[in-house]
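These notes are about the structure you will find just below.
Numbering (the numbering used here), first residue to last: 3 to 736.
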């Protein structure tokens, strides 16, 4: 932008002329060239800001441009006054010039008082006006003393009198501008632009001071000295708006503490000091000073009363936000917990969790996710009725508080069976529901029931009873024992062979973690794996498994040669896939034990990567390392065929439920046949899981399967027994 260099040049030129004019004379109109040029530059820059914005911003900048335009006309008029009038000391200022300055000042005040303030209510506007009035009265009281000094200093000529009145008016206007800008905390106008406009308000009184200081040099002028600065600040304000663009900034929420509340206190304090000094100096106060002080006190009382009413409104707003959810408009967690704790008599609390909400949010976008939460909140509100308290506790968790003992679990589960319309999408949701009824501790008990319901896949409702608390206590104890077991080294691995059909030769193994406590008790994986998932200990346990598997793979490779086993598989949970450090953990274990990445297979479930997002990104990172990716329990999760296109899969492990149907009707074998056909077409290899009979193994081979795994061939074995099988090279159940 060329406006800024020109405005800066005018300021430098004027400052140089003032310094030079103190030492040498020159034509008195010379100082008005940079003065008029500087203000003209500001008019052009402000006009550009108005053109480049829209709506309330354009209106505001048009008003400021017009106000600056009148200042420009006043500067030109004063230039004419100086050029056409002979004077020896005080620079002349005509009535036309004074009128133009006053009009420009009034327009500037009007523009700022009508500054768009992002939804200000009438109380806030009234408070701002009262602030301006308080400052104006304070300035008037101070000016009443200043008038006497000015009259004695410059005489009582008509021009000096009107100049004094005009400069006092502009001084008051300048203070009002600063006050308004301090109060404009919610304006869509950029804060930087407002702060650049603020110094313009002190141009009037500063010019008066400079007129007194420059009186010995008639060719210099106080007004001309400050006008280039007016132009410069106007240009900077326009530049701040142009840099911000036409976009309206986000408004802040109302705050109980407002900086402008200090204005009446400061004004009252300054006035008290002023009248005290005047009284001590003169022994009396003028009627203007007495009346002004009384008026000031009345204005301060009115302003503080208005501020008190506004603060009450703000406190009500803050309380409403604290007790209501911003997105859905339902009650908040804070309100609900208080209501549940204070309920008297029998009540029912139901907590609901939307399963796989992250998948909807990631797959369809946050807007759809938000719309789904709103639609779901409306549905359960209609179901619960007017007497119920319905709340969103946070995220995808909702709550109901109903009077009496109500059997509502079945109806809540049914709400998920009907599609919800969210941002144009029809979405079905699975719910986990925890219910508690009675008179005591309802919220905590419902939370226990919800945790139990959420521990299993699919829609499920659990009602609290004593046995549930016992199970949860046992689970908490198990979590503590699990952490201790990790430190004590109580875990070990077994390996189940994967064989090649039809002869049964071992080609790979799958690692399986087992836990035997110090007293010899065996804890089932079905018990401790879910607890490890819930507590996050699965990440630490998984890292140990990966390192142990790689160490064992290196030992087998060293003892039996690189071709003895094609791969060693390790199961990775959904929680581990959410850990961005997992690829680094795998890479470090492979490098530490010298195992080629191709010898390691990472087995994942369809559900773990269905939602995409971080989990799928982790799988891609693992694939880039060179490890093989196998989909475990294929056919029992979500969108299996779609995953074969989006997930970097190398192998499919067909679930035991499909293997069990072999040898029956064509319909029972259809899925097993179809999966193998799809895998062959896509260049994937398949492993049939859960083979328990010779007939199943034979039929799998007839259908084209070349790899299988199950108790028919071998149960999970210690590493030493796998060594023996590899040494013997004996086929398994051939």
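All C-beta atoms in this analysis are idealised placements derived from N, C-alpha and C, irrespective of residue type, glycine included.
Local Cβ density within 10 Å of residue i, reported as buried at 16 or more and exposed below that
i	result
residue 363	buried
residue 308	buried
residue 230	buried
residue 93	buried
residue 583	exposed
residue 683	exposed
residue 261	Bear in mind that the predicted position of residue 261 carries a pLDDT of just 44, short of 50, making it unreliable; the figure below should be weighed with that in mind. By the 10 Å Cβ count, residue 261 comes out exposed.
residue 113	buried
residue 634	buried
residue 398	buried
residue 23	buried
residue 349	buried
residue 678	buried
residue 603	buried
residue 670	exposed
residue 323	exposed
Enclosing alpha helix (DSSP H) for residue i [first to last residue]
i	result
residue 498	It is not in any alpha helix (DSSP H) - residue 498 instead sits in the beta strand (DSSP E) that spans 493 to 502.
residue 681	668 to 684
residue 724	721 to 730
residue 359	359 to 366
residue 569	Not the alpha helix (DSSP H): residue 569 falls in the beta strand (DSSP E), residues 569 to 573.
residue 771	It is not possible to answer for residue 771, since the shown part of the chain is limited to 3 through 736.
Close Cβ partners of residue i (< 8 Å) along its chain, the five nearest in sequence each way excluded
i	result
residue 78	38
residue 228	205, 208, 209 and 212
Option in the options with minimal Cα separation from residue i
i	options	result
residue 658	702, 366 and 427	702
residue 190	241, 247, 214 and 201	247
residue 507	682, 527, 567 and 216	567
residue 270	244, 425, 405 and 133	133
residue 672	610, 656 and 686	656
residue 446	504, 361, 515 and 351	351
residue 17	470, 212, 217 and 515	212
residue 710	725, 563 and 501	501
residue 572	512, 724, 662 and 206	512
residue 609	623, 645 and 374	645
residue 496	469, 536, 503 and 547	547
residue 533	474, 66 and 95	474
residue 137	288, 295, 62 and 411	295
residue 529	376, 569 and 484	484
residue 539	521, 344, 574 and 518	574
residue 518	26, 410 and 491	491
residue 545	522, 576, 587 and 557	587
Where the beta strand (DSSP E) containing residue i begins and where it ends
i	result
residue 546	Residue 546 -> not in any beta strand (DSSP E); alpha helix (DSSP H) instead, spanning 539 to 562.
residue 356	349 to 356
residue 427	427 to 429
residue 655	653 to 656
residue 636	630 to 636
residue 607	602 to 607
residue 433	433 to 440
residue 520	From DSSP, residue 520 is part of no beta strand (DSSP E); its letter is neither H nor E.
residue 230	Looking at the DSSP string, residue 230 is not in any beta strand (DSSP E); the run it does join, the alpha helix (DSSP H), is 224 to 246.
Neighbourhood of residue i by C-beta distance below 7 Å, restricted to the same chain and skipping five residues each side
i	result
residue 1	Given a span of 3 to 736 for the chain in the structure shown, any question on residue 1 remains unanswerable.
residue 396	335
residue 225	80 and 209
residue 76	99, 102, 103 and 106
residue 14	none
residue 64	52
residue 628	599 and 600
Whether residue i touches residue j by CB criterion (7 Å)
i	j	result
residue 372	residue 329	yes
residue 74	residue 42	yes
residue 355	residue 463	no
residue 394	residue 327	yes
residue 223	residue 33	yes
residue 451	residue 440	no
residue 266	residue 320	no
residue 429	residue 374	yes
residue 390	residue 404	yes
6 Å CB neighbourhood of residue i in its chain, flanking five on each side removed
i	result
residue 615	364
residue 5	43, 47 and 237
residue 8	43
residue 554	721
residue 718	496, 498 and 514
Test: residue i CB closer than 7 Å to a CB of chain B
i	result
residue 205	Checking the listed chains, one finds no chain B in this structure; it contains a single protein chain.
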